[in-house]
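Colleague: Top line first, the protein sequences correspond to chains A and B.
To convert, note that position 27 of the first sequence is 27 in our numbering; the numbers rise steadily by one, no gaps.
With the second sequence counted from 1, adding 1000 to any position gets you our numbering.
The structure's right below; bear with me while I get my questions together.
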Amino acid sequence: MDEFILIFRHEDGTKVASPEQIEVWMKQTMDWIGGIAAQNKFSSGTGLPFDDAKVVWHNNVVTNGPFGEIKETIGGYIIVKASSVEEAVEFAKGSPVLQGEGNSVEVRKIARRDGTH
Amino acid sequence: MEKQELIPHLFRTEYRKIVAVLCRRFGFDQIEIAEDIASDTFLAAAQTWSFNGIPPNATAWLYNVAKNKARNHLHCNTIFESKISPEIKIITSEFHELDIDLSPQNINDSQLQMMFAICHPAISPESQIGLSLRILCGFGIDEIAEAFLTNKETVNKRLFRAKEKIRNEKLKIELPGPAEINDRLENVLTTIYLLFSEGYYSVSQNQTLRKDLCFEAMRLCNMLIENSSTNKPQVNALLSLMCFHASRFEARLDKNGEHILYDDQDVSLWNADLISKGAYFLKCATTGNILSKYHIEASIAYWSTQRNDTKEKWENVLQLYNRLLQIAYSPIAALNRTFALSKANSKAEAIMEAEKLRLTDNQFYFTLLGELYTGIDHEKAKCNFQMALSIARTPADKQVIQKKLDQLQ
């Protein structure tokens, strides 16, 4: 069983959602992760809040927030256990992040650090 | 209390105390001698009390006899004299005699330290429970065999191996230091919870034994709470969890010893005192920033004490299971989460999620699918209940499933 990281990419992190909308997304996300955990395929994961976010650029220039010059931002990630990238992709398809137009979930295999990668 | 009831009762409460104190005094590698002395003490009680009647303070009588037997042992044992005694004499010279301290404080300390010694990672989990039952709960070999649904030889072998391990590893009877206590506490709590589950989910027909197991587990947990170095949030959470579960003890079985499902239980038989104790310890558990699986399980158990099927209840239960499974996966938690999902979201969604679990060697998996398909797809419901029936092991489980099948017809 390999580990894959599912990275939530938001097209525009500056959009502000209503508290009610955030609550719905939170529940959907929790249910989605719960469903993966119920299959014993959840490893770890967390949200990455935008508050206090900074970006460090070339020459140590620091800007506020991850959404200065770029459009796309990362909202969080989870790490799942899957026997193939296809299985990990199936998990990713359930992510509520994909309800937002332009959003995506990037699926990447995690290096095992056992000399094979 | 009559003699025939009093001695088994005292055995259950005092045997472990004598063993713990003597063991700490002699060293863990002399555990069998400590057990022999404790057993001899009760044999003496059974013989003497038949002729002379029960002494006014039976417990004090037992402690006195145990002390004398221990002193005799220390004096007579030649191996002891030549090898260990010189050291002991240095320690005890200031007391002028070989003192065996059976004060309440020392009994409590010894038992607490014993608990940590038994739950040493070097000992296998099943042996930890076996030893706990024997040494901390004063259970007989027969009773342990019955609780584990196995025979006496297996239990004896298991205990023997565990004691050998103790000797080889030269385990000490002591509380671990503050740095290590959280790690070791984890094992202790696991053992206590297994002890409780052994009683609560036991298929053994012996009702008294099952209840005793649960209450012993709760008593051990309480002892951890009474000691300031082990009174941690997760310990309170575990006791809370056990209180909530135990509150339904009287409602779970009918007069014939058959299981009554949660929905059919008579709520007036739920123990209100234990429910409020559960709430109290859950409150005590929320004093730190630790969120253990016991916290989540206790919160779920709290919602089980709320009988009404409200939207709020099932949404909370679902989210708790979502969290629990991230910390500690178990097939039962996965199934329970799916049931909560059907209540909080929809049966259709729950069926989709349930099919993904593929716990095809688990009778409860098929029972759940049967439940979910009931009212949606008659044939699939029937099929799943029949699958469950074919792999159910105990008559009680088979009966519950058969009833559900009958209701479908």
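Glycine residues also receive a C-beta, built at the ideal position from the N, C-alpha and C atoms.
Here's the rule I'm using: 16 or more other beta-carbon atoms within 10 Å means buried, otherwise exposed. How should A:Val16 be labelled?
Modeller: Result: exposed.
Colleague: With contact counted as at least three CB pairs below 8 Å, one residue from each stretch, are the region 1395-1405 of chain B and the region 1362-1373 of chain B in contact?
Modeller: Touching, per the Cβ criterion.
Colleague: Using a Cβ-Cβ distance cut-off of 8 Å, determine whether B:Lys1343 contacts chain A.
Modeller: Not an interface residue.
Colleague: Can you tell me where the alpha helix (DSSP H) with B:Asn1168 in it begins and where it stops?
Modeller: Per DSSP, B:Asn1168 belongs to the alpha helix (DSSP H) from 1152-1169.
Colleague: Which chain B residues are close to A:Met30, counting only those with a beta carbon under 9 Å from its beta carbon?
Modeller: Chain B residues near A:Met30: Leu1318, Gln1319, Asn1322, Arg1323.
Colleague: What's the C-alpha gap between A:Leu98 and A:Ser104?
Modeller: A:Leu98 and A:Ser104: Cα-Cα distance of roughly 6 Å.
Colleague: So with Cβ pairs under 8 Å, would you call B:Tyr1329 a contact of chain A?
Modeller: So yes, B:Tyr1329 belongs to the interface.
Colleague: Quick one: is B:Glu1094 buried, meaning 16 or more other Cβ sit within 10 Å of its Cβ, or exposed?
Modeller: Reliability fails at B:Glu1094, whose pLDDT of 41 lies under 50, so the model's placement of it is uncertain and no value is given.
Colleague: Taking 8 Å as the CB-CB cut-off, is A:Ile33 touching chain B?
Modeller: Closer than 8 Å to some Cβ of chain B, the Cβ of A:Ile33 qualifies, so yes.
Colleague: From the beta carbon of B:Lys1356, is the nearest beta carbon of chain A less than 8 Å away?
Modeller: By this cut-off, B:Lys1356 is an interface position.
Colleague: Return the CA-CA distance between A:Ala111 and B:Asp1377, expressed in angstroms with no decimal places.
Modeller: If you take the alpha carbons of A:Ala111 and B:Asp1377, they lie about 45 Å apart.
Colleague: Are the C-beta atoms of B:Gln1363 and some chain A residue less than 8 Å apart?
Modeller: By this cut-off, B:Gln1363 is not an interface position.
Colleague: Is there a C-beta anywhere in chain B that falls below 8 Å from the one on A:Glu21?
Modeller: Looking at the sequence shown, residue 21 of chain A is not Glu but Gln. No, its Cβ sits nowhere closer than 8 Å to a Cβ of chain B.
Colleague: Run down chain B in chain order and give the residues with a C-beta less than 9 Å from the C-beta of A:Phe42.
Modeller: Under the 9 Å cutoff, chain B gives Leu1325, Gln1326, Tyr1329.
Colleague: Please state if the CB of A:Ile5 and the CB of A:Arg113 are separated by a distance shorter than 8 Å.
Modeller: Taking 8 Å as the Cβ cut-off, A:Arg113 and A:Ile5 do not qualify as a contacting pair.
Colleague: Taking the straight line between their C-alpha atoms, what separation do you get for B:Thr1092 and B:Lys1170?
Modeller: In this prediction, B:Thr1092 scores a pLDDT of 49, lower than 50, which makes its location untrustworthy; the coordinate-derived value is nonetheless stated afterwards. Using only the alpha carbons, I get a separation of about 22 Å.
Colleague: How is the alpha helix (DSSP H) around B:Val1188 delimited, first residue to last?
Modeller: Taken as a continuous stretch (DSSP letters only), the alpha helix (DSSP H) holding B:Val1188 covers 1178-1200.
Colleague: Just to confirm the assignment, what range does the beta strand (DSSP E) spanning A:Glu106 have?
Modeller: It spans 104-109 - the beta strand (DSSP E) in which A:Glu106 sits, taken as one unbroken run.
Colleague: Starting from A:Ile5, trace the beta strand (DSSP E) both ways and give me its first and last residue.
Modeller: 2-10 is the span of the beta strand (DSSP E), which, as asked, contains A:Ile5.
Colleague: Closest to A:Ser44 by C-alpha separation, out of B:Asn1322, B:Ile1135, B:Glu1226, would be which residue?
Modeller: Comparing Cα-Cα distances from A:Ser44 to each of B:Asn1322, B:Ile1135, B:Glu1226, the minimum goes to B:Asn1322.
Colleague: Counting only beta-carbon separations shorter than 8 Å, does B:Glu1169 have a partner in chain A?
Modeller: Not an interface residue.
Colleague: Should B:Thr1338 be flagged as near chain A, meaning a C-beta pair shorter than 8 Å?
Modeller: Judged by the 8 Å Cβ criterion, B:Thr1338 is in contact with chain A.
Colleague: Determine contact between the region 1245-1263 of chain B and the region 1137-1153 of chain B, defined as no fewer than three beta-carbon pairs at a distance below 8 Å.
Modeller: No, because fewer than three Cβ pairs between the region 1245-1263 of chain B and the region 1137-1153 of chain B fall closer than 8 Å, the two stretches do not touch.
Colleague: Within 8 Å of any Cβ in chain B, is that where the Cβ of A:Ala53 sits?
Modeller: Chain B, which has no Cβ nearer than 8 Å to the Cβ of A:Ala53, makes this no.
Colleague: Any beta carbon from chain B within less than 8 Å of A:Ala37's own beta carbon?
Modeller: Closer than 8 Å: yes.
Colleague: Taking 8 Å as the CB-CB limit, is B:Glu955 close to chain A?
Modeller: Lying outside 1001 to 1409, the shown extent of chain B, residue 955 of chain B is not represented and no answer is given.
Colleague: By how many angstroms is the C-alpha of B:Cys1221 removed from the C-alpha of B:Thr1034?
Modeller: The residue you asked about is not Thr; residue 1034 of chain B is Ala in the sequence shown. If I take the Cα positions, the gap works out to 24 Å.
Colleague: Evaluate the contact criterion for the region 27-41 of chain A versus the region 1005-1015 of chain B: three or more CB pairs, one atom per stretch, below 8 Å.
Modeller: Not touching, per the Cβ criterion.
Colleague: Quick one, which of B:Phe1385, B:Asp1361, B:Asn1336 has its alpha-carbon nearest A:Asp37's?
Modeller: At residue 37 of chain A the sequence reads Ala, which differs from the Asp that was named. Closest by alpha carbon: B:Asn1336.
Colleague: I'd like the span of the alpha helix (DSSP H) that includes B:Lys1382, first residue to last.
Modeller: Segment 1378-1391, the alpha helix (DSSP H) holding B:Lys1382.
Colleague: Along chain A, in chain order, which residues have C-beta atoms closer than 7 Å to that of B:Ala1334?
Modeller: Here the neighbours are Ala38.
Colleague: Does DSSP put B:Thr1310 in a helix, a strand or coil?
Modeller: Three-state result, B:Thr1310: coil.
Colleague: Determine, using beta carbons only, whether B:Leu1239 and B:Leu1213 come nearer to each other than 8 Å.
Modeller: Against a cut-off of 8 Å, the Cβ pair of B:Leu1213 and B:Leu1239 comes out as no contact.
Colleague: Would A:Glu3 pass as a contact of A:Lys81 if the rule is Cβ separation under 8 Å?
Modeller: Yes, these two residues count as a Cβ contact at 8 Å.
Colleague: B:Ala1046: buried (16+ other C-beta within 10 angstroms of its C-beta) or exposed?
Modeller: With fewer than 16 other Cβ atoms within 10 Å, it is exposed.
Colleague: Touch check for the region 1220-1236 of chain B and the region 1179-1188 of chain B: three-plus C-beta pairs under 8 Å?
Modeller: Yes, since at least three Cβ pairs between the region 1220-1236 of chain B and the region 1179-1188 of chain B fall closer than 8 Å, the two stretches touch.
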